[in-house]
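In UniProt numbering, the protein residues as written are 1 to 383.
Everything on this sheet refers to the single structure shown next.
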């Protein structure tokens with residue numbers, strides 16, 4: 001079925017390959033590039049030439065864009081998409097994606113279309129693409145499909161040479177595809193106006209967090225791996241009697257989060273109304289593991305310390321794996337036991353993020369959105 005689907009995409013896109021390229025199209029699976037889309041819309045000579053295909057999981061974000069006059073279309077990998085929307089996609093002068101989109105593997109890619117990867121994270125701790133050890137176990141047909149998608153990207157917008165190297169290794173692409181422009185999604189963490197608004201949202205929902213040490217536990221989603229927190233972790237979270245611990249698991253881990261909610265009290269909290277980004281603006285100590293949230297947190301002035309709680313490190317190093325030399329470059333040494341986590345929370349030591357930011361947030365200076373908008377708007381003006 002996958003082969004037939006991609007063949008249909010190639011057939012329909014070839015029929016449409018000579019359509020005039022006048023559109024700018026985004027495929028988004030996360031809601032963290034909304035500011036870029038809004039900024040791009042303001043610079044469009046005709047707002048009708050900007051179209052956003054969105055995943056159902058970010059319906060609310062799409063509604064916000066639609067309210068601003070931006071055309072939004074829910075993306076689904078089905079025959080309707082092939083016959084109704086591939087001809088529209090083929091009118092794109094610039095096609096942005098924030099993730100891996102399998103349909104690209106079958107898309108006819110004329111030279112007049114620029115396909116750009118706007119990845120959804122500043123950096124990478126876990127492996128993906130060819131670096132993911134599970135890829136070796138896939139069939140040769142799967143591997144060819146994967147590389148066909150990777151090869152469709154003309155540009156990879158990144159915030160550092162380190163992340164550029166990750167893409168070169170993970171997607172087997174040449175370094176001339178790397179664009180060191182910074183991540184637009186990171187600008188907000190360096191803008192006082194946005195931070196103030198985020199903190200106001202926190203104040204309305206969780207005023208008890210203000211004036212307290214806030215410890216935020218935000219682990220990554222382990223795809224295909226059963227997520228079970230070690231015994232005693234809730235006691236560790238209570239190690240500092242003056243702190244409030246906020247827990248936010250990945251949306252697909254709702255069942256596990258429901259179990260943890262039984263332990264909620266005046267010092268262990270869950271806030272569905274607040275986004276991860278909002279909570280980061282009032283966080284003193286971030287506890288995470290292999291999540292890219294660490295790269296965002298490091299940009300904030302309120303970031304005092306970070307604890308990498310990697311209780312399943314040996315297993316995770318095997319599947320999916322960790323980026324080469326990454327552990328040595330973390331701003332703090334990972335802890336793997338509940339005892340170590342307890343000690344780290346009690347110590348409340350200050351983390352120096354300088355080298356970490358120099359490596360991974362090199363071009364994240366709060367001005368990335370403007371650079372990306374200017375760079376790709378120029379392409380629309382070309383004949």
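The C-beta atom is built at its ideal place from N, Cα and C for all residues, glycine as well.
Values in this document were obtained by computation on a predicted structure and should not be read as measured data.
From the DSSP output, which residues share a beta bridge with residue i?
i, result
"residue 73", "53"
"residue 315", "Beta-bridge pairing links residue 315 to no other residue."
"residue 165", "Paired residue(s): none; residue 165 is not in a bridge."
"residue 28", "54"
"residue 384", "Because the chain spans 1 through 383 in this model, residue 384 falls outside it and cannot be assessed."
"residue 23", "92"
"residue 335", "309"
"residue 345", "Beta-bridge pairing links residue 345 to no other residue."
"residue 37", "None, per the DSSP bridge assignment."
"residue 322", "126"
Looking only at its own chain, which residues have a Cβ that is under 8 Å from the Cβ of residue i, when we skip the five neighbours before and after it?
i, result
"residue 71", "48, 50, 51, 52"
"residue 173", "150, 151, 153, 156, 167"
"residue 113", "21, 90, 92, 93, 94, 95"
Given that a residue counts as buried once 16 or more other Cβ atoms are within 10 Å of its Cβ, and exposed if not, what is residue i?
i, result
"residue 119", "buried"
"residue 389", "Absent from the model: residue 389. The displayed extent of the chain is 1 to 383, so no value can be given."
"residue 316", "buried"
"residue 131", "buried"
"residue 310", "buried"
"residue 27", "buried"
"residue 83", "exposed"
"residue 98", "buried"
"residue 136", "exposed"
Which residues in the same chain have their Cβ closer than 6 Å to the Cβ of residue i, if we skip the five residues on either side of it in sequence?
i, result
"residue 281", "195, 198, 199"
"residue 36", "184, 369"
"residue 24", "50, 94"
"residue 13", "86, 90, 107, 108"
"residue 162", "359, 360"
Specify the secondary structure class of residue i as computed by DSSP and reduced to three states.
i, result
"residue 155", "strand"
"residue 239", "coil"
"residue 393", "In the structure displayed, the chain extends from 1 to 383; residue 393 sits before or after that span and is not available."
"residue 244", "strand"
"residue 362", "coil"
"residue 367", "coil"
"residue 11", "helix"
"residue 234", "helix"
"residue 68", "coil"
"residue 378", "helix"
"residue 355", "helix"
"residue 16", "coil"
"residue 330", "coil"
"residue 63", "helix"
Within its chain, find whatever has a CB closer than 7 Å to the CB of residue i; leave out the 5 residues flanking it on each side and keep chain order.
i, result
"residue 191", "366"
"residue 342", "236, 239"
"residue 363", "159, 160, 180, 181, 182"
"residue 219", "249, 288, 289, 291"
"residue 209", "202, 244, 282"
"residue 110", "17"
Following a CB-centred definition, is residue i positioned closer than 7 Å to any heavy atom of the ligand NAP?
i, result
"residue 249", "Although the ligand NAP was asked about, the structure shown includes no ligands whatsoever."
(request) Please specify which runs of the alpha helix (DSSP H), each continuous and at least 4 residues long, are wholly inside the stretch 248-313, giving them in chain order. (result) Within the stretch 248-313, the complete alpha helix (DSSP H) runs of at least 4 residues are 254-260, 276-280, 293-297.
(request) Mind listing, in chain order, the continuous alpha helix (DSSP H) runs of no fewer than 4 residues lying wholly within the stretch 85-165? (result) 86-89, 140-151
(request) Would you list, in sequence order, the uninterrupted alpha helix (DSSP H) runs of no fewer than 4 residues that lie entirely inside the stretch 182-230? (result) 192-205
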